[in-house]
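Novice:
Residue numbers (our numbering): 1 to 172.
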């Protein structure tokens with residue numbers, strides 16, 4: 001795998017973690033604010049935006065690290081050739097679905113920008129701003145799945161599979 005792709009996945013995971021830190025700081029500011037008698041305007045809105053961003057930005061990194069739940073009860077019993085066919089079909093279906101989702105999310109951002117949609121609340125935020133990390137996260141996951149599909153078609157073991165094997169060995 002190229003260092004550029006690896007850095008993209010690492011950056012995606014790092015940004016997801018940063019969003020979780022932002023959520024924590026917003027909640028802490030709200031707690032302190034209530035005790036001191038002031039409110040933090042739109043803190044719930046910003047925490048929600050950060051939650052969506054952390055969820056979607058973390059998808060590609062989690063996929064590469066083998067962190068997504070996969071039902072391997074049946075897959076483990078396959079011999080190598082049927083397992084490769086199964087992996088290829090699943091990755092191809094996932095890639096196809098995520099191509100559509102990538103388009104839909106990107107179009108949603110575009111429409112929000114064109115129609116100048118803003119959020120309701122104390123602080124009106126242009127909606128395309130919190131929607132961008134969602135689209136970027138879906139596109140990054142799509143690239144990670146495409147990368148895994150290419151590895152499987154070349155006869156190599158996908159990165160998530162290597163991580164799963166390491167995790168299952170740790171349980172023994």
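For each residue, glycine too, the CB sits at the ideal point set by N, CA and C.
Every value quoted in this text rests on a predicted model; they were computed, and no experiment measured them.
1) From residue 157 to residue 82, what distance separates their C-alpha atoms?
2) For residue 38, count neighbouring C-beta atoms within 10 Å of its own C-beta (all shown protein chains included) and say buried if the count is 16 or more, exposed if not.
3) Quick one: give me the first and last residue of the alpha helix (DSSP H) that residue 62 is part of.
4) Please state the DSSP three-state secondary structure of residue 118.
5) List the residues that DSSP assigns as beta-bridge partners of residue 126.
6) Rounded to whole angstroms, what is the Cα-Cα separation between residue 27 and residue 44?
7) Considering only the alpha carbon of each residue, which of 47, 25 and 10 lies closest to residue 123?
8) Using the three-state DSSP reduction, which class does residue 73 fall into: helix, strand or coil?
9) For the alpha helix (DSSP H) holding residue 240, just list the boundary residues, first then last.
10) On the three-state DSSP scale, how would you describe residue 155?
11) Three Cβ pairs or more, each shorter than 8 Å: is that satisfied between the region 126–135 and the region 49–60?
Specialist: In short, the structure shows the following:
1) 14 Å
2) exposed
3) 43–64
4) strand
5) 118
6) 8 Å
7) 47
8) coil
9) The requested residue 240 does not occur in the structure, where the chain is confined to residues 1 to 172.
10) coil
11) yes
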